[in-house]
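Below is one structure; the comments refer to it alone.
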Amino acid sequence: GENVEQHPSTLSVQEGDSAVIKCTYSDSASNYFPWYKQELGKRPQLIIDIRSNVGEKKDQRIAVTLNKTAKHFSLHITETQPEDSAVYFCAASPVNNDMRFGAGTRLTVKP
Amino acid sequence: DVKVTQSSRYLVKRTGEKVFLECVQDMDHENMFWYRQDPGLGLRLIYFSYDVKMKEKGDIPEGYSVSREKKERFSLILESASTNQTSMYLCATTRDPYEQYFGPGTRLTVT
Chain A
1 GENVEQHPST
11 LSVQEGDSAV
21 IKCTYSDSAS
31 NYFPWYKQEL
41 GKRPQLIIDI
51 RSNVGEKKDQ
61 RIAVTLNKTA
71 KHFSLHITET
81 QPEDSAVYFC
91 AASPVNNDMR
101 FGAGTRLTVK
111 P
Chain B
1 DVKVTQSSRY
11 LVKRTGEKVF
21 LECVQDMDHE
31 NMFWYRQDPG
41 LGLRLIYFSY
51 DVKMKEKGDI
61 PEGYSVSREK
71 KERFSLILES
81 ASTNQTSMYL
91 CATTRDPYEQ
101 YFGPGTRLTV
111 T
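In order, the protein sequences belong to chains A and B. With this note's numbering applied, the first sequence corresponds to residues 1 to 111, in that order. With this note's numbering applied, the second sequence corresponds to residues 1 to 111, in that order.
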């Protein structure tokens, strides 16, 4: 089955700086790569996703890049704000919907 | 909006008890999932279901079983609760093999 590794486990940045979280996956059949944000005490919510036929996707201050050859994908947050502080999870899913999540990155944005 | 509800937000059970966690969704989604969330381990898939009366094991099914008698309801059963099953349990649902919608979670403590 799919195995997803996520780094770093914790990340602390100054407000306004950029944050990058990286994930690798093992199953070359995976074709869908979502990122979820989980604020304290709340459920995970999708913030951005990318499919395997696309190399990069951007939505305002967040972007995701995918390198299928190397089997890794990354989340980029620019101009970070305190409200970006949360735990972020990457995931990978092959066509049979057997989604697997990374261990999570706790992002802290210091004002 | 997709609504996914879980029967309890907090639950305290004793070792050896049989525990039922229920998840209900109102969007007629085919696929439903149960995860447990532990610090540093992310979201780990316990069981999932593609359709009524169908179930598939995830990565950590030992000590758990599931039931899906109706499309909207997916139950997780701890046959004989143990202290190492103390965790946050999250239910999720999806129509497509893509975005998952999460319930609010049930924090289970086994004493």
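Glycine residues also receive a C-beta, built at the ideal position from the N, C-alpha and C atoms.
As assigned by DSSP and simplified to three states, the class of residue i
{"i": "B/Q100", "result": "coil"}
{"i": "B/N31", "result": "strand"}
{"i": "A/D98", "result": "coil"}
{"i": "A/Q45", "result": "strand"}
{"i": "A/Q60", "result": "coil"}
{"i": "B/T15", "result": "coil"}
{"i": "B/T83", "result": "helix"}
CB contact below 8 Å: residue i versus chain A
{"i": "B/F102", "result": "yes"}
{"i": "B/Y98", "result": "yes"}
{"i": "B/L21", "result": "no"}
{"i": "B/G105", "result": "yes"}
{"i": "B/L11", "result": "no"}
{"i": "B/L108", "result": "no"}
Integer Cβ distance of residue i from residue j, believed to fall under 8 Å
{"i": "B/V107", "j": "B/Y10", "result": "A quick correction: the sequence has Arg, not Val, at residue 107 of chain B. With 8 Å as the limit, B/R107 and B/Y10 qualify as a contact, their Cβ atoms being about 5 Å apart."}
{"i": "B/L21", "j": "B/Y35", "result": "In fact, because the Cβ distance is near 11 Å, the residues do not count as touching under 8 Å."}
Identified DSSP bridge partners for residue i
{"i": "A/T24", "result": "A/E5 and A/H72"}
{"i": "B/M54", "result": "Note: B/M54 sits in no beta bridge, so no partner."}
{"i": "A/V87", "result": "A/Q38 and A/R106"}
{"i": "B/D38", "result": "B/G42"}
{"i": "A/N67", "result": "A/H72"}
Proximity test, Cβ basis, 8 Å: residue i and chain B
{"i": "A/S52", "result": "no"}
{"i": "A/L46", "result": "yes"}
{"i": "A/S85", "result": "no"}
- Report yes or no: do the stretch 48 to 55 of chain B and the stretch 101 to 109 of chain A share at least 3 C-beta pairs separated by less than 8 Å? no
- Item | Validate contact between the stretch 10 to 28 of chain B and the stretch 29 to 46 of chain A using beta carbons, cut 8 Å, 3 pairs | no
- Touching or not, the stretch 47 to 55 of chain A and the stretch 63 to 70 of chain A, by the rule of three or more beta carbon pairs under 8 Å? yes
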